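Participant: Going by the numbering used here, the letters in the sequence shown line up with residues 249 to 570, in that order.
Before I ask anything, here is the structure I am working with.
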Amino acid sequence: MLEQPFDAPQTLALLRLGSLLRERDYHFVTPTPLTHQRINQRPDNARAENLRDVFGWSRPFADGTLDEEITQAMRDAQVLQPHALGWISQVRFSSLGNELYVHSRFPTEESDAVFFGPDTYRFVRLLRGYLAHANQPLRRIVDIGCGAGPGAITAAQLRPDAKVTALDINPKALAMTAVNARQAGVGNLHVQSSDLLRDMQGQFDLIIANPPYMLDPQQRTYRHGGGRHGAGLSLAIFDTAMERLAPGGTLLLYTGVAIFAGEDPLLNAIRLSLRDTGWDWDYQEIDPDVFGEDLQKPEYIEAERIACVALRLTYQPNQRQR
Numbered sequence: 249m250l251e252q253p254f255d256a257p258q259t260l261a262l263l264r265l266g267s268l269l270r271e272r273d274y275h276f277v278t279p280t281p282l283t284h285q286r287i288n289q290r291p292d293n294a295r296a297e298n299l300r301d302v303f304g305w306s307r308p309f310a311d312g313t314l315d316e317e318i319t320q321a322m323r324d325a326q327v328l329q330p331h332a333l334g335w336i337s338q339v340r341f342s343s344l345g346n347e348l349y350v351h352s353r354f355p356t357e358e359s360d361a362v363f364f365g366p367d368t369y370r371f372v373r374l375l376r377g378y379l380a381h382a383n384q385p386l387r388r389i390v391d392i393g394c395g396a397g398p399g400a401i402t403a404a405q406l407r408p409d410a411k412v413t414a415l416d417i418n419p420k421a422l423a424m425t426a427v428n429a430r431q432a433g434v435g436n437l438h439v440q441s442s443d444l445l446r447d448m449q450g451q452f453d454l455i456i457a458n459p460p461y462m463l464d465p466q467q468r469t470y471r472h473g474g475g476r477h478g479a480g481l482s483l484a485i486f487d488t489a490m491e492r493l494a495p496g497g498t499l500l501l502y503t504g505v506a507i508f509a510g511e512d513p514l515l516n517a518i519r520l521s522l523r524d525t526g527w528d529w530d531y532q533e534i535d536p537d538v539f540g541e542d543l544q545k546p547e548y549i550e551a552e553r554i555a556c557v558a559l560r561l562t563y564q565p566n567q568r569q570r
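Here you go:
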C-alpha cells in the first residue's frame, strides 16, 4: 500500500490551496484540449485576470493578480513557476459536482501528466448511474488507472461501507488522488501503485476504469492506449476483469474506440471473448464523435470517427466461462 505523507508541507499546502479556492467560490468545468487551446488563443486571453484564468485556463499572470494568501499557498505547494509574462500555475483545479480536483496544467505535455476533461465527466456520470441502481453488496471496489481519482472518490462517497482502492502506474496520479480524496473528506479510499491488478490480491465486486484510448506518438501515460488503434489497454482491463471479478461482480469500463467502415473493433473483440460464456453484459456508445482533429493523423487515416463507449460486464457464476 502506498502511504501518502499527508503531513508533508507540500501536500498540506496543496490542500490549503484547494480550500482557499473553495472559500472564494471557485468553479471551473474543464473542456477538451482543442477548445482550451482555441479559447486561450483569443487576443484578450494572453494573460490571467482572475482565479479561473490561473487555475482553470492555465494562463500566465502578473504580480498582484492573486491575493497573497493564494500566492503563498502556491509557493508552499511548489506549484508556482516563473513565466515570460510573470508566473504560471503547474496545476489546475476542476469542478465536478461539489468537489474540486487538482490535476496537471494545460497543455498536458509531460509524460506523467494527470488528465481531467470531458471524458471524466462522462465517466463519473456513467458510474453514478450504475451505482444508483446496483443492488448487490459492494465490499471491494477498485479503480484501474485512477488518474486524478474522480471515479474512485465518487465510488467511495456513494458506497461508504466499501473498501475502495485507486490504482495507477503514475506516481503523480496517485499523489493527486490522495490529495483529492483528502479534500473530499473520503476515508474509505486507499491508493496503490499497480499495473492493472498485478499487485492486488483476491477478487472484486466492482472494477471501474476510464483508460486512455488514443494512439499517442509520445506514449504519454494519460493518453496512450496502445494496441493497433488505441484499444490495447481497454482490452487488457477487460481480460483482467474476466479473471478477477467476484461472483456477481461487475466491470464498468468507459473508453473510446476508432470506428472503421462502420465496424467497432473493440466490440467485435469483446463479443468474441464472451461468446458462449453466458455472462450478462451490455455495450453502448456514449458519444459517437470525439477527438475529430485526430482523424487527420497518420495512425487514424482509415478511421471514420472515434467514439466514446461503455461496457457493463457482470460475472454470472452459474454460467459456463470461456
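By construction, the Cβ of each residue, glycine as well, lies at the ideal position given by its N, Cα and C atoms.
Here the structure is a predicted model, which means the values were calculated and not measured.
Taking its Cβ as the centre, do 16 or more other Cβ atoms sit within 10 Å of Leu520, making it buried, or is it exposed?
Facilitator: With fewer than 16 Cβ atoms within 10 Å of its Cβ, Leu520 is classed as exposed.
Participant: Between the Cα of Tyr563 and the Cα atoms of Asp464, Ile455, Gln466, which residue gives the shortest distance?
Facilitator: Cα-wise, what sits closest to Tyr563 is Ile455.
Participant: The beta strand (DSSP E) with Ala506 in it runs from where to where?
Facilitator: 493-507 is the extent of the beta strand (DSSP E) around Ala506.
Participant: Who are the near neighbours of Arg387 in its chain, counting only those whose CB is closer than 7 angstroms to its CB and skipping five residues on each side?
Facilitator: Result list for Arg387: Ala410, Lys411, Asp453, in chain order.
Participant: Going by alpha carbons, who is nearest to Pro308 out of Asn288, Gln326, Ala321, Ala551?
Facilitator: For Pro308, the nearest C-alpha among the options comes from Asn288.
Participant: CA-CA distance, Arg286 and Pro459?
Facilitator: Answer to the nearest angstrom: the Cα atoms are 26 angstroms apart.
Participant: Taking DSSP as the reference, what is the three-state secondary structure of Pro465?
Facilitator: Coil.
Participant: Would the region 260-268 and the region 308-326 be scored as touching if the rule is three or more Cβ pairs under 8 angstroms?
Facilitator: The region 260-268 vs the region 308-326: in contact.
Participant: Using C-beta distances below 6 angstroms, list every residue in its chain close to Val359, excluding the 5 sequence neighbours before and after it, in chain order.
Facilitator: Correcting the residue identity first, residue 359 is Ser in this sequence and not Val. So the list reads Arg468, once near-sequence residues are dropped.
Participant: Please specify which runs of the beta strand (DSSP E), each continuous and at least 3 residues long, are wholly inside the region 375-426, giving them in chain order.
Facilitator: Segments of the beta strand (DSSP E) lying fully in the region 375-426: 388-392, 411-416.
Participant: Could you name the residues of the same chain whose beta carbon sits closer than 6 angstroms to that of Lys420, not counting the 5 residues immediately before and after it, in chain order?
Facilitator: Taken in chain order, the residues that qualify are Asp360, Val362.
Participant: Taking only the alpha-carbon atoms, compute the straight-line gap between Cys394 and Met462 and give it to the nearest angstrom.
Facilitator: Taking the straight line joining both Cα atoms gives about 17 angstroms.
Participant: Excluding the 5 residues flanking Leu499 on each side, which residues of the same chain have their C-beta closer than 6 angstroms to its C-beta?
Facilitator: Only Ile455, Ala489, Leu561 meet the Cβ criterion.
Participant: Using CA atoms only, rank isn't needed, just tell me which of Leu415, Met424, Val434 is closest to Arg407.
Facilitator: Nearest of Leu415, Met424, Val434 to Arg407, Cα basis: Val434.
Participant: Output the boundary residues of the beta strand (DSSP E) element that contains His284.
Facilitator: Run containing His284: none in the beta strand (DSSP E); it sits in the alpha helix (DSSP H), 281-288.
Participant: Taking DSSP as the reference, what is the three-state secondary structure of Arg307?
Facilitator: It is coil, neither helix nor strand.
Participant: Report, in whole angstroms, the separation of the C-beta atoms of Leu415 and Gln449, which I expect to be a contact under 8 angstroms.
Facilitator: Their Cβ separation, rounded to whole angstroms, is 13 angstroms, which puts Leu415 and Gln449 out of contact at 8 angstroms.
Participant: Less than 8 angstroms separating the beta-carbons of Phe539 and Ile554?
Facilitator: In contact: Phe539 and Ile554 (Cβ atoms closer than 8 angstroms).
Participant: Taking Cβ positions, are Asn383 and Ala404 nearer each other than 8 angstroms?
Facilitator: No, the pair does not count as a contact, with Cβ atoms beyond the cut-off.
Participant: What's the C-alpha gap between Tyr531 and Gln431?
Facilitator: About 34 angstroms.
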